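Read top to bottom, the protein sequences are chains A and B. Heads up: the first sequence at position 34 corresponds to 34 in the numbering used here, and the numbers run straight through without jumps. Each number in the numbering used here comes from the position in the second sequence (counting from 1) with 232 added on.
Protein chains: 2
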Amino acid sequence: MVSGISTRKRSNAVSRSERKDLTRANLLQAALTLMGEGRSFTSLALREIAREAGVAPTAFYRHFRNTDELGLALVEEVGITLRRLLREARKMDVAPRDMLRRSVSVYQDYVKLNRLQFVFISSERSGGSRILRLAIRNDVTHFTHEMAQDFRLRGLYANLPTSSLQMVCSMIVMTMLAAATDILDLPPHQPLLEAEMSENFVRQLKIILFGATRWDEDLAALSAKPGRKDEG
Amino acid sequence: MVSGISTRKRSNAVSRSERKDLTRANLLQAALTLMGEGRSFTSLALREIAREAGVAPTAFYRHFRNTDELGLALVEEVGITLRRLLREARKMDVAPRDMLRRSVSVYQDYVKLNRLQFVFISSERSGGSRILRLAIRNDVTHFTHEMAQDFRLRGLYANLPTSSLQMVCSMIVMTMLAAATDILDLPPHQPLLEAEMSENFVRQLKIILFGATRWDEDLAALSAKPGRKDEG
DNA sequence: ACACATTGTGTATGACTGTTCACTGAAAAG
DNA sequence: CTTTTCAGTGAACAGTCATACACAATGTGT
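Quick look at the structure:
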């Protein structure tokens, strides 16, 4: 029963498990599509998803116990997407002149390419089902940690203590997610608006990175000669 | 019909419009309560809201055309809450030593005091109904602008150009909203966790403020002697 | 005192929901 | 070839939904 390759039918026709995986993917895609039309995940009905996937409502149960379980499967897909993004970022040169700007550009393209998945992240990260929210936040936290690790490995901001680096990365991720919402809401074919958005995005990241280094410097100065005021 | 005070019944009993306002408030509160139990707004049913408010489903129509309209009324309430927060912040001394820390503390208390409204903001700012999302973003933008104006009036970061100040404020607001989610998810009676969260919050704001000033300095230096690298 | 306006109720209706069950047909296994 | 497995079907169920309508109760204006 559980044999990798069929015994008597190595034909070109699709195998049963392949068909199953296909309708499963159709169900996931159907949910994403419906959310892309401005629906929240918790408001999606099982029958509705099945209908969009072109399948009888009862077929849903062959793949997921309920809609929440489908949601978790979606989160898993999202996790893969985020890991791919990191891998893509890792392929970039270490420190060319406009690395930040190029990173932003890569990210924007990535969001537009995986539009529906980012719609899903943005919508459900702070809303609706509790288990979904927690699962997404878990993925995002993981992403943040991996980013910090990449910074370390590449010697970026090597003078920052780990806790500061973690914080910087979490702020970067926060900014990225906020930017994703903007990218998704952007009307298509508006290069001017898009350029302005990119510019803002780059600025925000610069502020964070500059602030982090300077804050660290001030901390060092503070421990050297205490009593200095640290705000204003 | 539209007279401020009843002509013949100035008694202690509640007037008709008072009753109406009360059930209206009950409906709004009911929606917030249901969302506080982890539901997304778009998944709330009219009948459900009416039931929670202790009123017949059909009574709903005396106050709102549909649930979306109730959502917009909630957004209006939220707008008032945000304006109250700004007013409260304005009452603080101009520049005591630990102004930032105190602002954070005030904000945390405010979020906890208006918990359900912040749950609503956090959930619906990026999810579900399009018109609701836009309405909330509008309120948040307004809040950001008012904050920038307050900074100007108090002479804070007076050296920053307006565009930078706007950006700093939008980053502050972004951080505040992210912090709100953390505050809301915080299990009660965990002073250690809460203190750590506050500390992180303060750090993040410092990074933004430091980064903004330094970025501005670097911009000035850049225009003075161009050719300086601006990243690393 | 009387007529009107308005808030809230109860019932009804047709559509949609999640879930069950017995089933079909074809791939997989023997 | 025969048998088994199993993804997908279609009918049926009880429940909830939004909405419409006639109606009741009561504050309000004349």
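In this text, a Cβ means the ideal position worked out from N, Cα and C, and glycines have one as well. Note that the structure is predicted; figures quoted are calculated from it, not measured.
Contact set between residue i and chain A, taken where Cβ atoms lie within less than 7 Å
i	result
B:Glu-356	Gly-127
is_contact[residue i, chain B] using C-beta, thresh 8 Å
i	result
A:Thr-181	yes
A:Met-92	no
A:Ser-15	no
A:Arg-214	yes
A:Asn-200	yes
A:Met-176	no
A:Arg-203	yes
A:Ile-49	no
Listed by chain order, chain A residues near residue i by CB distance under 9 Å
i	result
B:Asn-370	Here the premise fails: no neighbours, minimum Cβ distance about 13 Å.
B:Met-379	Under the 9 Å cutoff, chain A gives no residues; its nearest Cβ is about 16 Å from B:Met-379.
Cβ neighbour criterion (16 or more within 10 Å) applied to residue i
i	result
A:Met-1	With a pLDDT of 44 at A:Met-1, under the threshold of 50, the predicted position of this residue should be treated as unreliable, though the coordinate-derived value follows. Classification of A:Met-1: exposed, given that the 10 Å Cβ count is below 16.
B:Tyr-342	buried
A:Ala-56	exposed
B:Arg-386	exposed
A:Ala-158	exposed
B:Leu-306	buried
B:Thr-394	exposed
B:Ala-444	buried
B:Lys-438	buried
B:Met-324	exposed
A:Glu-124	buried
B:Tyr-339	buried
B:Gln-381	exposed
A:Leu-113	exposed
B:Leu-366	exposed
B:Leu-276	buried
B:Arg-446	buried
A:Leu-22	exposed
A:Ser-122	buried
B:Ser-249	exposed
A:His-63	buried
Residue i CB to nearest heavy atom of the ligand SAM below 7 Å
i	result
A:Leu-192	As far as ligands go, the structure on display features none, and thus does not contain the ligand SAM.
Contacts that residue i makes with chain B (C-beta to C-beta distance below 9 Å)
i	result
A:Ile-172	Per Cβ cutoff of 9 Å: no residues; A:Ile-172 is ~11 Å from chain B at best.
A:Gly-36	Going along chain B, no residue has its Cβ under 9 Å from A:Gly-36, so there is no contact; the nearest lies around 12 Å.
Amino acids of chain A, ordered along the chain, whose beta-carbon sits closer than 8 Å to that of residue i
i	result
B:Gly-311	Ordered by position in chain A, no residue passes the 8 Å Cβ test against B:Gly-311, which lies about 19 Å from the chain.
B:Thr-274	Arg-39, Ser-40, Thr-42 and Ser-43
B:Ala-305	The premise fails here: B:Ala-305 is roughly 19 Å from chain A at the closest Cβ pair, so nothing lies under 8 Å.
Anticipated Cβ contact below 8 Å, residue i with residue j, distance rounded
i	j	result
B:Met-379	B:Ile-404	7 Å
B:Gly-311	B:Asp-371	5 Å
B:Leu-314	B:Phe-292	Actually they are not in contact, since the Cβ atoms of B:Leu-314 and B:Phe-292 sit about 27 Å apart, beyond 8 Å.
A:Leu-100	A:Phe-143	Between A:Phe-143 and A:Leu-100 the Cβ distance is about 18 Å, and since that is not below 8 Å, they are no contact.
B:Met-399	A:Gln-204	7 Å
B:Val-246	B:Val-336	With a Cβ gap of about 41 Å, B:Val-246 and B:Val-336 do not count as contacting.
B:Leu-364	B:Phe-383	Incorrect: roughly 29 Å between the Cβ atoms, too far for contact.
Test: residue i CB closer than 8 Å to a CB of chain A
i	result
B:Arg-475	No answer is possible for residue 475 of chain B: the residues shown for chain B start at 233 and end at 464.
B:Met-429	no
B:Gly-443	yes
B:Arg-460	Here the model assigns B:Arg-460 a pLDDT of 43, short of 50, so the residue's position is not dependable, and the following value carries that caveat. Output row for B:Arg-460: interface = no.
B:Glu-250	no
B:Glu-463	For B:Glu-463, the predicted structure reports a pLDDT of 43, less than 50, and the residue's modelled location is therefore unreliable. A value from the coordinates is still provided. Yes - at least one Cβ of chain A is within 8 Å of the one on B:Glu-463.
Contact set between residue i and chain B, taken where Cβ atoms lie within less than 7 Å
i	result
A:Gly-155	Correct list: empty, because the minimum Cβ distance to chain B is about 11 Å.
Listed by chain order, chain B residues near residue i by CB distance under 8 Å
i	result
A:Phe-118	Chain B residues near A:Phe-118: none, gap ~11 Å exceeds 8 Å.
A:Phe-143	Residues of chain B passing the Cβ test: none, with the nearest at roughly 15 Å.
Can at least three beta-carbon pairs, one atom from the stretch 263–278 of chain B and one from the stretch 292–302 of chain B, be found at a separation below 8 Å?
The stretch 263–278 of chain B is in contact with the stretch 292–302 of chain B.
Between the stretch 349–365 of chain B and the stretch 33–53 of chain A, do at least 3 Cβ pairs fall closer than 8 Å?
By the Cβ test, the stretch 349–365 of chain B is in contact with the stretch 33–53 of chain A, since at least three Cβ pairs between them sit closer than 8 Å.
Taking contact to mean at least 3 C-beta pairs separated by less than 8 Å, is the stretch 180–198 of chain A in contact with the stretch 105–122 of chain A?
Touching, yes, given that three or more Cβ pairs across the two stretches are closer than 8 Å.
So does the stretch 186–196 of chain A actually touch the stretch 422–440 of chain B, counting three or more Cβ pairs closer than 8 Å?
Cβ pair count under 8 Å is below three, so no.
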